[in-house]
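As structure tokens, the structure follows; a few thoughts come after it.
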Amino acid sequence: MDLKQCVILGFFCVVILVSISLSEHFELSSSPSANGTVGQNVILPCQISLGRQPQNMEVQWQKIGDGNVIIYQFKAPSGPETFGQGYKSRIVLAKEGLPTGNVSLQLKNVQVTDEGIYRCIVKSTGWSDNTLTVLHVAGMGMVSIGILGPEGEGIKLTCRSSGWFPHPELQWLIKDNQSHPFELKQDHDQSFSVFSSITVLRGTTEVTCLVHVRSHLQMKQKSTMFLSQKRKYSMKRCFEEEEKFIQASQKETLESENLDLHRRLERARTEFGDAV
Ligand SMILES: *[C@@H]1O[C@H](CO)[C@@H](O)[C@H](O)[C@H]1NC(C)=O
Ligand SMILES: *[C@@H]1O[C@H](CO)[C@@H](O)[C@H](O)[C@H]1NC(C)=O
Ligand SMILES: *[C@@H]1O[C@H](CO)[C@@H](O)[C@H](O)[C@H]1NC(C)=O
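Residues -23 to -1, 1 to 253 (mature numbering (1 follows the signal peptide of the UniProt record, and there is no 0)) make up the sequence shown, in order.
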């Protein structure tokens, strides 16, 4: 090796050493899990250890599954910012957090299908790191009791609730807490609905329908209906409801008849000109 070669080699070594020391080493930290509620917003945390953003930073968020899907990508300082299909209106990365190295993702209007593992990746010149967060999703819905009508010696009631995840159980709380069957079905958005009907006997004053998730004690919703002591009143109410319904349908028929009349008149007008 002559002197010239030696000098060139040395120069390369220096260049490599300088660029290695220039690449900033950092780590990402996040929470191992996050809890989201159906219909609400959730933060998927991700923090760069430097406490500021590294040079030429690129942030990427993936959803881990069959083929990791890139749901969000941002190239600092000013973009471009790209969103995975269906995420554009639901993902926000607050830019004001970047100077402190906060690259947490806000996911809006959480759905049951959002449950899963998310990876935060930050790349800079010559360095990158990533971290995982599991998003658990839970959902609850309002419970409503309805009156179907008189049946035999009693009155038939229904209880329904939807938007639950994981799957709930339905329980009627009346006197003996006897268990009654209920229907469970999974809706298109993967959340569960429950439905049940019972006939309560005359003299029942209070009926409660409780919907709860067995594995999550805090996940419960209930509704209570107070019934009149006099069965007659309940029956009267039912008949009143029915009457209202009949009146409503009569009104509809009347309106559609009027419409028909109007159409016939129009037709007559066009056929006979202004003579009509
Ligand atoms: C999520 O909820 C579970 C209970 O369901 C709780 O143990 C856990 O600490 C929660 N995680 C977070 C990050 O709040
Ligand atoms: C990071 O950003 C998220 C979302 O903008 C915010 O909720 C969170 O409080 C921030 N964390 C810190 C440590 O500031
Ligand atoms: C019925 O169930 C509810 C809730 O599970 C409970 O608080 C109540 O004590 C029970 N009543 C009877 C009579 O078992």
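Think of the CB as a built atom: it goes at the ideal place given N, C-alpha and C, for glycine as much as any other residue. Treat the numbers as computed from the prediction; the structure is a model and nothing was measured.
The Cβ atoms of G123 and T135 lie closer than 8 Å to each other. Restricting attention to S121, E73, V87, the CA atom closest to the CA of D166 is found in V87.
Residue selection by CB proximity (closer than 7 Å to any heavy atom of ligand 2) returns I20, P22, Q24, A71, G74, T77, N79, S81, Q83 in chain order. Inter-residue distance for N79 and C23 is about 6 Å (C-alpha atoms, whole angstroms). Selection Q39, D164, E130 evaluated against Y95 yields Q39 as nearest (Cα-Cα). Non-local beta-carbon contacts of K162 in its own chain, meaning distances under 6 Å to residues more than five positions away in sequence, involve S170 in chain order.
The continuous beta strand (DSSP E) containing S121 extends over residues 121 to 128. Membership of H113 in the beta strand (DSSP E) is indicated by the continuous run 104 to 115.
Under the 10 Å beta carbon count, F203 is surrounded by fewer than 16 other beta carbons and is classified as exposed. Rounded to the nearest whole angstrom, the CA to CA distance from S200 to S156 is 17 Å. Excluding five sequence positions before and after P76, the CB atoms of its chain that fall closer than 8 Å to its own CB belong to R29, Q30, given in chain order. By the Cβ rule, the stretch 175 to 182 counts as touching the stretch 131 to 150, because three or more pairs are nearer than 8 Å.
Listed in chain order, the beta strand (DSSP E) elements of length 3 or more contained wholly in the stretch 132 to 190 are 146 to 150, 160 to 163, 169 to 178, 183 to 190. Looking at the backbone, the Cα of C97 and that of S8 are separated by about 11 Å. Residue G61 holds the alpha-carbon nearest to the alpha-carbon of F51 among D43, G61, Q148, K152.
Nearest C-alpha to V184 among V15, K197, S121: S121.
Judged by DSSP in its simplified three-state form, L204 adopts coil rather than helix or strand. Judged by DSSP in its simplified three-state form, E58 adopts strand. Within the same chain, Q37, Q39, G61 come within 7 Å of I47 by CB-CB distance, once the 5 residues on both sides are set aside.
By the criterion of at least three beta-carbon pairs nearer than 8 Å, the stretch 187 to 196 is not in contact with the stretch 96 to 114. DSSP assignment within the stretch 6 to 33 yields the following whole beta strand (DSSP E) runs of 3 residues or more, N-terminal first: 10 to 14, 19 to 21.
Check the Cα spacing between G93 and each of R67, I25, D43, S173: the tightest is with D43. For E35, the enclosing beta strand (DSSP E) begins and ends at 35 to 41.
Taking 8 Å as the cut-off, the Cβ atoms of V19 and L70 do not count as close.
Out of G63, S168, S101, the CA that lies nearest to the CA of W141 is found in S168.
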